[in-house]
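Asks: Going by this note's numbering, the first residue of the sequence shown is number 4, and it counts up by one from there. Handing you a structure now.
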Amino acid sequence: MIPKISTLGGYIFEYQKSVSNPTGFWNNIAESFYWRKKWSSVLEWDFLRGDAQWFKGAKLNLTENIFERHMFFRANQPALVWEPNDPDEAHRSLTYEELFDEVNKFANVLKSLGVLKGDRVAIYLPMVPELVIAMLACARIGAIHSIIFAGFSAQSLSERMIDAGATILITSDGGYRGNKTIPIKAIADEAMENCQCVKTAIILKRTGEEVAMQPGRDFWWSDLIADVGIHCPATEMDAEDPLFILYTSGSTGKPKGLVHTTGGYMVYSAYTFKNVFQYGDGDIYFCSADIGWITGHTYLVYGPLLAGATSLMFEGIPTWPDAGRFWDIIDKHQVNQFYTAPTAIRSLMALGMEWLNNKDLSSLKVLGTVGEPINEAAWHWYHDHIGKNRCPIVDTWWQTETGGIMISPMAGITPTKPSYATMPLMGIQPKIVNHEGKELMGNSVEGNLCIAFPWPGMARTIWKDHDRFIKTYFTAYPGLYFTGDGVKRDEDGYYRILGRVDDVINVSGHRLGTAEIENAINEHPLVDESAVVGYPHAIKGQGIYAFVVCPQFSTGGEEGIKTSIQLAVTNMIGPFAKPDKIQIVNGLPKTRSGKIMRRILMKIAAGQIDNFGDITTLLNPEIIQTIIADKNDSESKASN
Ligand code: PRX
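Structure representation (C-alpha cells):
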C-alpha cells in the first residue's frame, strides 16, 4: 500500500524526514511497488550536469503495477469511466480486468506491427478510452509513447513526430469537441506527408465519417484488434528506461521533448496522487485535463491507476451542451475529487449561477486546480459554490518537467489560503533566488523559484538534446533546478506562484512560447517581424498580444491581414495559440544591439502608458508613444 499522510503533524514529521534523508524516504515509498529486481542505489545525481538517476539497477514494468498488482482486489472495480462529449451517448466503464484485457490486446497489435522496446509511438487521439489503452500498451511492451494534444496543427504534429523519430502513429477518423467535429485523420494525413519516419498508422473509428486510407500504411484499429491474443507478457524495463516523451514550449521557438523515465515517475505520480487528493478506496476521481498535456498523463492516467483509483475521463468541453456539463458529470457519477484549471472555473463563473441549479454536488470531497495561478475571486467561487464551503481546494503547482505536483496543500491536512500553492510536498526543497543567484532566506521574500534536490518524478533530459536540458534548467543558477517561475514566500512560509519570468505565456492553462507564436506570424509573407507578449485576461489568465510590423500591407486591409495572421498561427501551431489582439505597428522598441525590449511591450499590452523605466538604451524611444497612440486609437474605434 502506498503510504498516506493523514494529519498536519504527520506532514511536518514526514517532510522533515524526506529532506534530511531523501534516499531513505524514497526507498521506503518505493518498497510499496512491485519490482522484478530491486535497485542497487536509490539516487545518483549531479545537477551541474543535469543528471539524476533514481532506483538504479532496478527492473520493473509499470503496467504490472497497475494491473497484476491490483488484480486480486480490484479486478471488478472500474479503473476508467468515460463520459462522452454528447450526454445522450452512453458512458463507458472499464474495470481493471477489462482495461487489462484491452491493453494486452493492443500491446499485441503493436508487437504484430513490429514495434519494439525503445521505439517511439506517436499518439494523436481525442479523449477516448483507446487513448489510455494505447499509452498503457506502449508501456506494456517498453515502447516510448509521445502523445500530441489533438488540438495541434498538422505542422506541429509532424515536427514532433520527426523530432521523436516516431515510426508509428495512432490516431482516429475524427473527434468531437462540443458541437464541432474535428477532422483528425485529415490533419494526421497532412502531418504524415511531411514526415518520412512514420511508416504505419492505426486509425480508430470515433466519428464514423469517411476518411482516406492509404493502403499498406493505414490500418483500422478494429481490424487489427480482432486477431490478437488476450495475453501479452510485460517487457522488463530498467528503472531509468524512458516511459514517454512529452513536448512542451520553452523560451525558444522549438518545443522541447521532455523525457520521463519509468521507475521514479511511477513512484512519484502514485505517491503524490494519493496524498494530495487524499484518495480513498471507492472514491470516484475526475480530472478534466486532456491527456495530451502532462496533467492528463500523471493525474488522469498513471497516478490514479497506479494507486488503484477509479479515474473518470471526459471527452468534451465544460460549456457544451451548456455550462452545467461539469456539474452534471459530477452529479451523474457521484464524483468525490474534481481537478480542473482556473481558466475553466473563471469561464463558468462568468456564465452565472443558473447552471448550478438542481445539480447534486454533495459527493464532492476535494477540489483541485492546476496550470496557472488562481485568482482570489475564482478561488472563492469554487470554494463556496462548488465545494459548498466544505471541500478543501488543492492549488497544485508543478510543470511538465517536474512530472508531478511539487508545491500544494494535501487535501484537508494543509491549511489553505486563497491563491497560494502553500507548502512543498515530501522531498521537495524549494529555494528562492534573486537575479544574481543569491538565495533569499527566511519569509516575506520574492524571487525566482528553484529546486535544490532531485525528486523521483523529474524529467531526465530533453530527447536527443541533453545540452539544451542543462542550459535551460541547470545553468542560470548552478547547482539548482530553475523552474522559470517567480514566487513569493509570505510571512507564514507559504508559497504563492507569481507566473513565468521567461518568455513563456500561459493562456487558458496552455503553455506557449512567445517565440513559437512569433515564428508562425513571421511566416506570413507580408510580415517583416513581430513581438508577442502576454497580457492579463479575465478568463484566460493571460491573453496573446501580437505587435506586428508589416510595411507592405495595403491601407484599409488591416482586418484582412489580421485574419490571415490568425490563420497562419492556427496552421502552424493550432487554434489555441491564435493571438487575442494583433496591433500593426511601424516598428518595435529595440536596443542598440537590436534586441526587442519586451518589458515595454508587455506594459503597453497591459494598458500602461507611462513609467517605462530606463529606456536610455533604446534606439528608437519615440516608437513607444506611437504604439500607445495607435493602440488607443484602434480601441476607441472598436468601442464606438
Ligand atoms: O507557470 C507555472 C504554471 O504552469 C507552468 C507549467 O506549465 P506546464 O508544463 O504546461 O504544466 C502545467 C500543468 C502542471 C508552471 O511553470 N503553473 C502550473 N501550476 C500552477 C502554475 N502557476 C500557478 N499556480 C499553479 N498551481
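By construction, the Cβ of each residue, glycine as well, lies at the ideal position given by its N, Cα and C atoms. Here the structure is a predicted model, which is why all the values come from computation and not from measurement.
Can you find a heavy atom of the ligand PRX that lies under 7 Å from the Cβ of R492?
Replies: Between the ligand PRX and the CB of R492, the shortest heavy atom gap is not smaller than 7 Å.
Asks: Within 8 Å, do at least three Cβ pairs link the region 100 to 114 to the region 125 to 140?
Replies: With the cut-off at 8 Å, the region 125 to 140 and the region 100 to 114 touch.
Asks: Alpha carbon to alpha carbon, how far is I2 from H513?
Replies: It is not possible to answer for residue 2, since the shown part of the chain is limited to 4 through 643.
Asks: Are P459 and G267 closer than 8 Å when you measure CB to CB?
Replies: yes
Asks: Ordered along the chain, which non-local residues of its own chain (more than five positions away) have a Cβ less than 7 Å from that of A462?
Replies: L261, V262, H263, E404 and G406
Asks: Taking DSSP as the reference, what is the three-state secondary structure of L11?
Replies: helix
Asks: Please name the residue, chosen from M240, S350, M356 and D104, that lies closest to G232 on a Cα-to-Cα basis.
Replies: D104
Asks: Quick one: what's M240 bridged to in DSSP?
Replies: L63
Asks: Are there any heavy atoms of the ligand PRX lying less than 7 Å away from the beta-carbon of D488, as far as the coordinates show?
Replies: At least one heavy atom of the ligand PRX is nearer than 7 Å to the Cβ of D488, so yes.
Asks: Mind pulling the alpha helix (DSSP H) runs of 4 or more residues that sit fully within the region 464 to 508?
Replies: 469 to 476
Asks: Just the Cα atoms here: how many angstroms apart are A523 and V504?
Replies: 22 Å
Asks: Give the straight-line distance between the Cα atoms of C394 and G374, rounded to the nearest whole angstrom.
Replies: 20 Å
Asks: Please work out which residues of its chain come closer than 6 Å, Cβ to Cβ, to G482, disregarding the five sequence neighbours upstream and downstream, and give them in chain order.
Replies: F50
Asks: Mapping the DSSP letters down to three states, classify G267 as helix, strand or coil.
Replies: In this structure, G267 counts as helix in the three-state DSSP scheme.
Asks: Could you check how far apart the C-beta atoms of I508 and G537 are, in whole angstroms? I think they sit under 8 Å.
Replies: 4 Å
Asks: Taking its Cβ as the centre, do 16 or more other Cβ atoms sit within 10 Å of F691, making it buried, or is it exposed?
Replies: Residue 691 lies beyond the range of the chain shown here (4 to 643); nothing can be said about it.
Asks: Measuring only the C-alpha atoms, how far is P412 from L249?
Replies: L249 has its alpha-carbon roughly 26 Å from the corresponding atom of P412.
Asks: Quick check: V530 and T517, are their CB atoms within less than 8 Å of each other?
Replies: No; because the gap between Cβ atoms is not below 8 Å, this pair is not in contact.
Asks: Can you tell me whether Q402 is helix, strand or coil according to DSSP?
Replies: coil
Asks: Give a single yes or no on whether R163 has its beta carbon closer than 7 Å to a heavy atom of the ligand PRX.
Replies: Incorrect: R163 has no Cβ contact closer than 7 Å to the ligand PRX.
Asks: Just to check my reading of the structure: A237 and T66 have Cβ atoms closer than 8 Å, yes? What is that Cβ distance to the nearest angstrom?
Replies: 6 Å
Asks: What does the alpha-carbon distance come out to for the pair W400 and N278?
Replies: In a straight line, the C-alpha of W400 is about 15 Å away from that of N278.
Asks: Cβ of P258 within 7 Å of any heavy atom in the ligand SAH?
Replies: Looking for the ligand SAH in the displayed structure turns up nothing; the ligands present are the ligand PRX.
Asks: Determine whether the beta carbon atoms of Q281 and G415 lie at a separation below 8 Å.
Replies: yes
Asks: Could you have a look at R123 and say whether DSSP puts it in helix, strand or coil?
Replies: The DSSP-derived three-state label of R123 is strand.
Asks: Report the residue from L309, E243 and H148 whose alpha carbon sits nearest the alpha carbon of W296.
Replies: H148
Asks: Using a Cβ-Cβ cut-off of 7 Å (strictly less than) and excluding sequence neighbours within five positions of W38, which residues of its own chain qualify?
Replies: A61, K62 and L63
Asks: Are at least three pairs of beta-carbons, each pair with one atom in the region 154 to 170 and one in the region 213 to 231, less than 8 Å apart?
Replies: Between the region 154 to 170 and the region 213 to 231, the count of C-beta pairs closer than 8 Å stays below three; the two stretches do not touch.
Asks: Using three-state DSSP, classify S175 as helix, strand or coil.
Replies: strand
Asks: Taking the DSSP output, what are the residues bridged to I150?
Replies: I126
Asks: Please list, in chain order, all residues of the same chain as A326 whose beta carbon is under 7 Å from its beta carbon, the five residues on each side excluded.
Replies: Excluding positions up to five away in sequence, the list reads L351, L354 and W358.
Asks: Just tell me which of M269, L116 and M164 has its CA closest to the CA of I5.
Replies: M269
Asks: Could you check which residue in N614, D54 and F58 has the C-alpha nearest to that of A33?
Replies: F58
Asks: Looking only at its own chain, which residues have a Cβ that is under 6 Å from the Cβ of L11, when we skip the five neighbours before and after it?
Replies: I416
Asks: How about Y498 and P554: are their beta carbons less than 8 Å apart?
Replies: No, Cβ-Cβ distance for Y498 and P554 is not below 8 Å.
Asks: Once DSSP output is grouped into helix, strand and coil, what is the label at C453?
Replies: strand
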